[in-house]
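Report on the structure given below.
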Amino acid sequence: MSDSVESPLQVPFDPQALIRQAIEASKRAYVPYSRFRVGSALLDAEGGVHLGCNVENAAYSPTNCAERTALFRAIADGHAAQSFRAIAVVGDTDGPIAPCGVCRQVMMELCAPDMPVVMANLHGEYTITTVSALLPGAFTSKDLG
Numbered sequence: 004m005s006d007s008v009e010s011p012l013q014v015p016f017d018p019q020a021l022i023r024q025a026i027e028a029s030k031r032a033y034v035p036y037s038r039f040r041v042g043s044a045l046l047d048a049e050g051g052v053h054l055g056c057n058v059e060n061a062a063y064s065p066t067n068c069a070e071r072t073a074l075f076r077a078i079a080d081g082h083a084a085q086s087f088r089a090i091a092v093v094g095d096t097d098g099p100i101a102p103c104g105v106c107r108q109v110m111m112e113l114c115a116p117d118m119p120v121v122m123a124n125l126h127g128e129y130t131i132t133t134v135s136a137l138l139p140g141a142f143t144s145k146d147l148g
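For the sequence shown, our numbering gives the first residue as 4, with consecutive numbering after it.
This is the structure in structure tokens:
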């Protein structure tokens, strides 16, 4: 992989730097039940990075994934939907970790369809795809009429 990739806004970003930040975010995960730490780093249009980690709950369904935590945090910090440049997600998995279906749906709502998604593991392996490639045929606001 090259050291930098063009984002939808045609601004290069460094996937490995984003992965390193996602790894740091994973160390903050609240995972008393699964012990499965996941971290995410979301790059905004100004070059700022919003970290996210998974936060579990004994009832399970209120649990929030790292990707959604980063996205919701950025929105709460005043960044506009569709303005993000890239997101990285990392987990302690054999191969690069992929976002769950709920996170893919949220990314379709809040990110540009061609925004890069860096999927990585703690062993240095990663792959880059796009939001739209992760969820073909997604339900979007256009479906609401």
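Glycine is no exception: its CB is placed at the ideal position from the N, C-alpha and C atoms.
Cα-Cα separation, residue i to residue j
i	j	result
Asp80	Ala91	19 Å
Ala28	Leu147	35 Å
Val120	Val134	6 Å
Ile131	Leu125	15 Å
Ala136	Val52	23 Å
Leu49	Ala73	Sequence inspection shows Glu at residue 49; the Leu mentioned does not correspond to that position. So the alpha carbons of these two residues sit roughly 15 Å apart.
Coarse secondary structure for residue i, derived from DSSP in three states
i	result
Thr72	helix
Ser43	strand
Cys106	helix
Pro139	coil
Val120	strand
Ile22	helix
Ala91	strand
Leu54	strand
Ile100	coil
Met4	Only weak support is given to the placement of Met4: the predicted model assigns it a pLDDT of 42, under 50, and the question is left unresolved by the model.
Beta-carbon proximity list for residue i, same chain, < 8 Å, skipping 5 on both sides
i	result
Asn60	Thr66
Ala141	Arg107, Gln108, Met111 and Ser135
Ala84	Ile78, Glu112, Leu113 and Cys114
Phe87	Leu45, Leu46, Asp47, Ala48, Leu74, Ala77, Leu113, Cys114, Ala115 and Met118
7 Å CB neighbourhood of residue i in its chain, flanking five on each side removed
i	result
Ala101	Met122
Ile22	Ala91, Val93, Val121, Ala123 and Tyr129
His82	Asp47
Pro35	Glu59
Thr143	Met111
Residue burial classification, residue i (beta-carbon count within 10 angstroms, cutoff 16)
i	result
Pro18	buried
Tyr70	The amino acid at residue 70 is misidentified as Tyr; the sequence shows Glu. Buried, by the Cβ-count rule.
Pro139	exposed
Phe16	buried
Gln24	buried
Cutoff 6 Å; reference residue i; Cβ partners in own chain excluding five residues on either side
i	result
Thr96	Asn124
Phe39	none
Val58	Tyr33 and Asn67
Stretch-stretch touch, CB-based, cutoff 8 Å, three pairs: the segment 65-84 with the segment 110-118: yes
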